[in-house]
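Asker: Heads up, the sequence shown stops at 204 in this note's numbering, and the numbers go up one at a time, no gaps. This is the structure, below, for whatever I ask next.
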Amino acid sequence: MQKQMGKDAELNIGMDCALALGDPATITVTVITIPLTMLCALILPGIMIFPIGVLMSIIYMTTMTVMASNGNVIRSIISTLLFSIVVMYLGGYVAPGATQFLHGAGVGLQGQGTDFVLTGPWEVLTYWLSTVFH
Numbered sequence: 071m072q073k074q075m076g077k078d079a080e081l082n083i084g085m086d087c088a089l090a091l092g093d094p095a096t097i098t099v100t101v102i103t104i105p106l107t108m109l110c111a112l113i114l115p116g117i118m119i120f121p122i123g124v125l126m127s128i129i130y131m132t133t134m135t136v137m138a139s140n141g142n143v144i145r146s147i148i149s150t151l152l153f154s155i156v157v158m159y160l161g162g163y164v165a166p167g168a169t170q171f172l173h174g175a176g177v178g179l180q181g182q183g184t185d186f187v188l189t190g191p192w193e194v195l196t197y198w199l200s201t202v203f204h
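Now the structure itself:
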């Protein structure tokens with residue numbers, strides 16, 4: 071590599087979060103956080119969804135929190151749980167609009183449904199803009 075780039079060149083390597091999935095801290099935090107998230111969904115007031123989609127995203131969010139906390143399991147559990155709680159509240163906020171979209175498309179639903187992934191600010195912003203300009 072040094073031949074092609076030069077001696078003083080800086081090489082940055084990008085990695086996917088899948089590389090951290092096998093880390094023992096990541097596995098531990100994921101196994102602990104999933105039941106805690108389900109418990110929070112049942113106990114916390116105002117959460118109107120059961121976090122099936124959130125449970126899947128916990129696996130990938132855990133890799134980020136473990137890396138950000140340098141492998142500290144307690145900090146990672148707290149960070150991942152806070153992320154999950156925020157996403158569950160946002161999912162309940164988005165559910166009525168998602169139900170309207172589905173009814174408008176001719177899809178029959180009982181109750182309210184949501185199929186949005188709210189793991190970033192852009193999804194919430196997109197939903198909010200769609201309600202403002204509707």
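Note that the Cβ used here is the ideal one computed from N, Cα and C, for glycine as well.
Between which two residues does the alpha helix (DSSP H) containing residue 122 stretch?
Answerer: 122 to 138
Asker: In terms of residues, what are the limits of the alpha helix (DSSP H) holding residue 85?
Answerer: For residue 85, no alpha helix (DSSP H) encloses it, and the DSSP letter there is neither H nor E.
Asker: In whole angstroms, give me the CA-to-CA distance for residue 119 and residue 161.
Answerer: 7 Å
Asker: Quick one: residues in its chain with C-beta nearer than 7 Å to the C-beta of residue 128, no 5 flanking neighbours on either side, listed in chain order?
Answerer: 100, 103, 104, 107, 150, 154
Asker: Can you tell me whether residue 83 is buried or exposed, with buried defined as 16 or more other CB within 10 angstroms of its CB?
Answerer: By the Cβ-count criterion, residue 83 is exposed, with fewer than 16 other Cβ atoms from all chains shown falling within 10 Å of its own Cβ.
Asker: Quick check: what's the CA-CA separation for residue 110 versus residue 85?
Answerer: 32 Å
Asker: Among 126, 142, 156, 122, which residue has its Cα nearest to the Cα of residue 116?
Answerer: 156
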